[in-house]
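Q:
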Amino acid sequence: MNVWQAVASALKAEKTEFVFGLPGGDLFFDSLLDIPEIKPILVREETAGPFMAMGYARVSGKPGICYAPSGPGVAHLVPGILEAFSACLP
Numbered sequence: 002m003n004v005w006q007a008v009a010s011a012l013k014a015e016k017t018e019f020v021f022g023l024p025g026g027d028l029f030f031d032s033l034l035d036i037p038e039i040k041p042i043l044v045r046e047e048t049a050g051p052f053m054a055m056g057y058a059r060v061s062g063k064p065g066i067c068y069a070p071s072g073p074g075v076a077h078l079v080p081g082i083l084e085a086f087s088a089c090l091p
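Residues in the sequence shown are numbered from 2 upward in steps of one, following the numbering used here.
1) Give the range of the beta strand (DSSP E) segment to which residue 40 is assigned.
2) Quick check on the DSSP output: the alpha helix (DSSP H) that includes residue 8 runs from which residue to which?
3) Name the DSSP beta bridge partners of residue 22, please?
4) Determine the contact status of residue 23 and residue 58, defining contact as a CB-CB distance below 8 Å.
5) Take the Cβ of residue 94 as the centre, count every other Cβ of all protein chains shown within 10 Å, and call the residue buried at 16 or more, exposed below.
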């Protein structure tokens, strides 16, 4: 089991339904394909992922999970994550 498979298994154990994000050069989204209970929701650019996860958290009351591959796009996650934090969302 690699690190991404372990992360995907942990998300499954927490009953995660969706992961909002942009696949990259790593194997995280490939690991999600092995777990049919988790549906990856692809975004066009990194900024959308946290806001989609935040909307999901507001509606469902469950944690919203967002993801971006390593690189400069990770900085685009910050506004949505800070907004979710300030709104006290899961």
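C-beta atoms are modelled at their ideal positions from N, C-alpha and C, and glycine is treated no differently. Since the structure is predicted, the reported quantities are computational estimates derived from the model, not experimental observations.
A: Let me lay it out:
1) 40 to 43
2) 4 to 14
3) 43, 68
4) no
5) Absent from the model: residue 94. The displayed extent of the chain is 2 to 91, so no value can be given.
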